[in-house]
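Q:
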Amino acid sequence: MTGQELVDRYFGGMRNRDVETLLSLFVEDAVMILPDGRELAGRDAIRAMYGQLFSMQAPSPTPRTVIASESGVATEIEARLDDGTSRRTANFFQTDEDGRIRRLSIYKRG
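So in full-length UniProt numbering, spot 31 of the sequence shown is number 31, and the numbers just go up one at a time.
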């Protein structure tokens, strides 16, 4: 999977609140670093986080900039929230040889 394909699938899954599609993009022992500094290890922990996120709000993220290399992808994101506000983040995807996510680090602006 190319970096652009990963970004398209990931953010399509986010917009559709499709936890199974999102999880299919991660390796079993993936790590996710959240903007508040919490570290989630493994797909079960990542599944629980997405379930909680989607029950609270419906982020509608749009990648603005995508930079891909052989080992990962960096994206700048603008996300519209249910309350009409927007949030900007930078997502850094480190991938395996098949393009699946080994580590996702999310940093929030401000």
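A virtual CB, placed ideally from N, CA and C, is assigned to each residue, including glycine.
Let me know the secondary structure DSSP gives Asp83 once reduced to three states.
A: As a working note, residue 83 is residue 83 in the sequence shown. The answer is coil: DSSP assigns Asp83 none of H, G, I, E or B.
Q: Considering just the uninterrupted stretch of the beta strand (DSSP E) at Met32, what are its terminal residues?
A: Your numbering for residue 32 matches position 32 in the sequence shown. 26-33 is the extent of the beta strand (DSSP E) around Met32.
Q: Round the Cβ separation of Gln94 and Arg103 to the nearest angstrom and send it over; I've been treating them as touching at under 8 Å.
A: The residue given as residue 94 occupies position 94 in the sequence shown. The residue given as residue 103 occupies position 103 in the sequence shown. With a Cβ gap of about 4 Å, Gln94 and Arg103 count as contacting.
Q: Do Val27 and Leu40 have their C-beta atoms within less than 8 Å of each other?
A: Start at 1 with the first residue of the sequence shown, and residue 27 comes out as number 27. Start at 1 with the first residue of the sequence shown, and residue 40 comes out as number 40. For Val27 and Leu40, no; Cβs fall outside 8 Å.
Q: Suppose contacts are defined by Cβ-Cβ distances below 8 Å. Is residue 117 in contact with Ala68 by that definition?
A: The chain is shown from 1 up to 110; residue 117 falls before or after that span and cannot be answered.
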